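For the sequence shown, our numbering gives the first residue as 439, with consecutive numbering after it.
Beta carbons are placed, not taken as given, at the ideal position from N, Cα and C, and that holds for glycine.
Quantities reported herein were computed from a predicted structural model and do not represent experimental measurements.
Structure first, then comments.
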Amino acid sequence: MKVPFLDLKAQYEPIRAEIAEALQQVLDRTAFAGGPFVAQFEKEFAAFCGTQFAAGVGSGTEALWLALLALELGPGDEVITVPDTFIATAEAISYCGAKPVFVDVEPLTFNMDPSKFEAAITKKTKAVIPVHLFGQMADMDPILSIARKHKLFVVEDASQAHGAEYKGKVAGSMGDLGCFSFYPGKNLGAYGEAGAVVTSNPEIDRKVRMLRDHGQEKKYYHGMIGWNARMDGIQGAVLSVKLKYLPAWNEARRRNAKLYSEKLEKIDGVKIPSEFSHNKHVYHIYAIRVPDRDSLIAALAGKDIHCGIHYPIPIHLQEAYSSMELRKGEFPVAENVVSEFVSLPMFPELRSEQIDHVATEIRMLMAH
Ligand SMILES: Cc1ncc(COP(=O)(O)O)c(C=O)c1O
Numbered sequence: 439m440k441v442p443f444l445d446l447k448a449q450y451e452p453i454r455a456e457i458a459e460a461l462q463q464v465l466d467r468t469a470f471a472g473g474p475f476v477a478q479f480e481k482e483f484a485a486f487c488g489t490q491f492a493a494g495v496g497s498g499t500e501a502l503w504l505a506l507l508a509l510e511l512g513p514g515d516e517v518i519t520v521p522d523t524f525i526a527t528a529e530a531i532s533y534c535g536a537k538p539v540f541v542d543v544e545p546l547t548f549n550m551d552p553s554k555f556e557a558a559i560t561k562k563t564k565a566v567i568p569v570h571l572f573g574q575m576a577d578m579d580p581i582l583s584i585a586r587k588h589k590l591f592v593v594e595d596a597s598q599a600h601g602a603e604y605k606g607k608v609a610g611s612m613g614d615l616g617c618f619s620f621y622p623g624k625n626l627g628a629y630g631e632a633g634a635v636v637t638s639n640p641e642i643d644r645k646v647r648m649l650r651d652h653g654q655e656k657k658y659y660h661g662m663i664g665w666n667a668r669m670d671g672i673q674g675a676v677l678s679v680k681l682k683y684l685p686a687w688n689e690a691r692r693r694n695a696k697l698y699s700e701k702l703e704k705i706d707g708v709k710i711p712s713e714f715s716h717n718k719h720v721y722h723i724y725a726i727r728v729p730d731r732d733s734l735i736a737a738l739a740g741k742d743i744h745c746g747i748h749y750p751i752p753i754h755l756q757e758a759y760s761s762m763e764l765r766k767g768e769f770p771v772a773e774n775v776v777s778e779f780v781s782l783p784m785f786p787e788l789r790s791e792q793i794d795h796v797a798t799e800i801r802m803l804m805a806h
């Protein structure tokens with residue numbers, strides 16, 4: 439039985455007619471760059487996140503970058519984040535001229551360890567970016583209280599956590615702002631590249647809107663130097679259709695994760711993901727940990743079961759950041775967990791027979 443890592447077609451098929459209708463409307467109104475479909479989605483997505491505003495941009499990477507620019511971060515500033523994230527989190531910090539500073543993660547959630555956060559703060563620290571890795575929110579209460587004490591901005595990287603909750607609060611709504619990616623494979627994915635910045639701070643929202651549109655509020659009157667980072671009209675229309683289904687899709691992911699965990703938890707050598715009771719994990723990624731992950735991934739691929747690794751090398755050990763001269767051993771928890779991660783097939787339409795099959799194959803392979 440083939441089990442793909444992700445099956446975007448299975449998600450598209452049942453909404454095909456609605457998507458076609460939405461695309462037709464964009465074409466009929468030729469509302470291609472920004473425009474009414476983006477504005478409509480922004481309203482809906484802000485309501486979904488429980489924030490006052492959402493500004494659509496071209497990608498999650500742009501959401502992070504423009505968010506930091508809107509907070510006026512730049513050369514000489516430090517921004518604290520984690521080493522086990524997608525490189526975009528660090529790139530956004532570097533691209534606004536600031537310096538990323540890493541803090542190790544907790545071994546159970548792989549999110550920022552709040553007990554290690556305060557020690558990393560210096561006079562230059564201006565902001566912290568907790569990343570809600572794999573769909574589970576970071577431990578926001580202690581992170582927020584340390585950040586407030588030191589007057590740091592809190593930027594949530596919620597790119598993997600659309601609809602995730604922490605003590606009943608939705609991802610993106612707890613910090614000064616939240617950044618989302620709508621890359622096609624995300625829990626809420628566009629049909630191309632897209633992202634958003636959500637906030638309840640009108641000044642931050644205004645600046646992000648200016649930055650994404652060449653620094654203008656009125657056409658050809660440029661109040662600041664910005665960029666072209668608008669969301670496409672087509673993406674706004676697709677996202678509006680898909681947002682209605684997101685709660686059901688997230689529930690399906692949670693059901694699939696529960697099934698996986700029930701079947702995998704007793705297998706020797708397999709560590710299943712933990713979900714803290716105050717969290718609602720939305721399982722963008724369902725990652726187990728095993729000691730020899732390369733062999734397991736290769737053996738599963740041989741049986742047409744396709745896995746991923748998110749992410750094989752922590753940021754501080756990436757060649758791109760070699761000038762920081764951070765060595766192996768600096769962030770032992772992150773280094774250890776990333777060496778063991780195997781992301782199993784995970785998407786809402788995954789069938790229980792497929793989950794059964796994956797678990798059975800893992801049990802057999804781990805017994806050898
Ligand atoms: C944690 C995290 N941050 C940022 C990004 C960047 O988003 P995008 O690919 O839309 O630029 C991603 C998406 O891959 C991500 O997973």
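Please classify residue i: does DSSP put it in a helix, a strand, or coil?
| i | result |
| --- | --- |
| L504 | helix |
| I723 | coil |
| Q654 | strand |
| N688 | helix |
| R765 | coil |
| P538 | strand |
| D643 | helix |
| F714 | coil |
| C745 | coil |
| S733 | helix |
| Y533 | helix |
| D794 | helix |
| V517 | strand |
Quick one: Cα of residue i to Cα of residue j, how far?
| i | j | result |
| --- | --- | --- |
| V543 | G740 | 33 Å |
| L509 | L502 | 11 Å |
| L853 | L803 | The structure shown has nothing for residue 853, since the chain only spans 439 to 806. |
| K589 | I525 | 26 Å |
| A675 | A596 | 21 Å |
| V464 | G653 | 25 Å |
| A686 | T637 | 24 Å |
| D579 | V635 | 21 Å |
| D651 | M612 | 26 Å |
| E500 | H806 | 46 Å |
| K701 | Q792 | 12 Å |
| H570 | E713 | 12 Å |
For residue i, does the count of other Cβ atoms within 10 angstroms reach 16, so buried, or fall short, so exposed?
| i | result |
| --- | --- |
| D706 | exposed |
| A536 | buried |
| P770 | exposed |
| R691 | buried |
| T798 | exposed |
| G387 | This structure leaves residue 387 out entirely; the chain is present only between 439 and 806. |
| M648 | buried |
| A736 | exposed |
| D670 | buried |
| D551 | buried |
| D742 | exposed |
Would you please state the rounded distance, in angstroms, between the beta carbons of residue i and residue j? I believe it to be under 8 Å.
| i | j | result |
| --- | --- | --- |
| A667 | G473 | About 15 Å separates the two Cβ atoms, so there is no contact after all. |
| V775 | R731 | At roughly 11 Å, the Cβ-Cβ gap does not stay under 8 Å, so V775 and R731 are not in contact. |
| A602 | H719 | 6 Å |
| F382 | A469 | Since the displayed the chain opens at 439 and closes at 806, residue 382 lies outside it and no answer follows. |
| E482 | S678 | 6 Å |
At least one CB of chain B closer than 8 Å to the CB of residue i: is that the case?
| i | result |
| --- | --- |
| A634 | Protein chains in the displayed structure number just one, and chain B is not present. |
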